[in-house]
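Engineer: When the letters of the sequence shown are read in order and numbered with the numbering used here, they come out as residues 16 to 142. All C-beta atoms, glycine included, are put in the ideal place defined by N, C-alpha and C. Can you keep this structure in mind? I'll have questions shortly.
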Amino acid sequence: MTYLLDTHTLIWFFENDPRLPPITRTQIETTPTIFISIVSLWEIAIKANIGKLALSFPFNTIEPNLITAGITQLPITFKDIEIYLSLPLHHRDPFDRILIAQAINYSLTLISQDVQMDAYSIQRLWN
Numbered sequence: 016m017t018y019l020l021d022t023h024t025l026i027w028f029f030e031n032d033p034r035l036p037p038i039t040r041t042q043i044e045t046t047p048t049i050f051i052s053i054v055s056l057w058e059i060a061i062k063a064n065i066g067k068l069a070l071s072f073p074f075n076t077i078e079p080n081l082i083t084a085g086i087t088q089l090p091i092t093f094k095d096i097e098i099y100l101s102l103p104l105h106h107r108d109p110f111d112r113i114l115i116a117q118a119i120n121y122s123l124t125l126i127s128q129d130v131q132m133d134a135y136s137i138q139r140l141w142n
C-alpha cells in the first residue's frame with residue numbers, strides 16, 4: 016500500500032505527538048512508499064507565517080527530515096487540479112481538497128484523522 020500524509024499527520028509524526036496513533040506511526044515508519052504533498056508544506060509555511068501554527072522544530076528542518084524518513088514530496092499536477100475541480104464540496108478546505116484529488120489521482124491511501132474525507136471515494140487510514 017502507498018500512503019499520502021495529511022498535513023497534521025506529518026507534523027504529529029515529526030513532533031512525536033501522542034495524537035498520532037501508535038499503529039499509524041508504525042505504518043508510516045515501515046511502509047516503503049510514503050508521500051507528502053507540496054500543498055501540505057505550503058500549508059505549514061502559510062499557517063506558521065501568520066501565527067496559526069507553532070512548530071516545535073524549525074521549518075527549514077522539514078526537508079532533511081523528510082529525506083531521513085524516506086518521505087517523498089509529491090508535486091501538484093494539472094490532472095490533480097482537474098480532479099479538484101470535479102470534487103463535490105463535501106469538504107471546503109482547499110488544502111484538504113487537493114490532498115483528496117491527489118489520493119484519487121494516484122490511488123493513494125490518505126493518512127488523516129479527518130472523517131470528512133470519508134465523503135469521497137478514497138481510502139483513509141487512522142487507527
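Looking at the strands, I want to know which residues DSSP matches up with Ile86.
Structural biologist: Working through the sequence shown from its first residue, we reach residue 86 at position 71. Bridge partners of Ile86: Ile49.
Engineer: Rounded C-beta distance between Ile113 and Tyr99? I'm assuming under 8 Å.
Structural biologist: Locating residue 113 in the sequence shown gives position 98, where the first residue counts as 1. Locating residue 99 in the sequence shown gives position 84, where the first residue counts as 1. Rounded, the Cβ-Cβ distance is 6 Å, consistent with contact.
Engineer: Name the residue from Phe93, Asp133, Phe50 whose alpha carbon lies nearest to the alpha carbon of Thr17.
Structural biologist: On the sequence shown, residue 17 is found 2 positions in, with the first residue counted as 1. Ranking the options by Cα distance to Thr17, first place goes to Phe50.
Engineer: By DSSP's criteria, Tyr18 is part of a beta bridge. Which residues make up the other side?
Structural biologist: Walking along the sequence shown from the start, residue 18 turns up at place 3. According to DSSP, which records beta bridges pairwise, Tyr18 is partnered with Ile49, Thr124.
Engineer: Label Ile86 either buried or exposed according to how many other C-beta atoms from any shown protein chain fall within 10 Å of its C-beta, with 16 as the threshold for buried.
Structural biologist: Taking the sequence shown and counting its residues from 1, one reaches residue 86 at position 71. With 16 or more other Cβ atoms within 10 Å, it is buried.
Engineer: Go ahead and label Ala118 buried or exposed: buried means 16 or more other beta carbons lie within 10 angstroms of its beta carbon, across all protein chains shown.
Structural biologist: As a position in the sequence shown, residue 118 is number 103, starting the count at 1. The residue is buried, with at least 16 neighbouring Cβ atoms inside 10 Å.
Engineer: According to the neighbour-count rule (16 or more other Cβ atoms, all chains shown, within 10 Å of its Cβ), is Thr22 buried or exposed?
Structural biologist: By 1-based counting over the sequence shown, the position of residue 22 is 7. Under this definition Thr22 is a buried residue.
Engineer: Mind reading off the beta-carbon distance from Ser71 to Leu25? Whole number of angstroms is fine, and I expect it under 8 Å.
Structural biologist: Position 56 of the sequence shown, counted from the first residue, corresponds to residue 71. Position 10 of the sequence shown, counted from the first residue, corresponds to residue 25. Not a contact, Cβ separation roughly 13 Å.
Engineer: What are the complete alpha helix (DSSP H) segments, minimum 4 residues, inside the stretch 21-46?
Structural biologist: Runs of the alpha helix (DSSP H) inside the stretch 21-46: 22-30, 37-45.
Engineer: Following the continuous beta strand (DSSP E) through Leu70, name the residue where it begins and the one where it ends.
Structural biologist: On the sequence shown, residue 70 is found 55 positions in, with the first residue counted as 1. Per DSSP, Leu70 belongs to no beta strand (DSSP E) and is neither H nor E.
Engineer: Taking the alpha carbon of Pro109 as the point to measure from, which residue in Asp95, Glu44, Thr45 has its own alpha carbon closest?
Structural biologist: By one-based count along the sequence shown, residue 109 stands at place 94. Minimum Cα distance to Pro109 is reached at Asp95.
Engineer: Find out if the Cβ-Cβ distance for the pair Leu104, Ser52 is shorter than 9 Å.
Structural biologist: As a first step, residue 104 is located in the sequence shown; it is residue number 89 there, counting from the start. As a first step, residue 52 is located in the sequence shown; it is residue number 37 there, counting from the start. Taking 9 Å as the Cβ cut-off, Leu104 and Ser52 do not qualify as a contacting pair.
Engineer: Distance check for Glu78 and Gln42, CA to CA, integer angstroms please.
Structural biologist: Residue 42 sits at position 27 when you count from the first residue of the sequence shown. Residue 78 sits at position 63 when you count from the first residue of the sequence shown. Spanning the two alpha carbons is a distance of roughly 20 Å.
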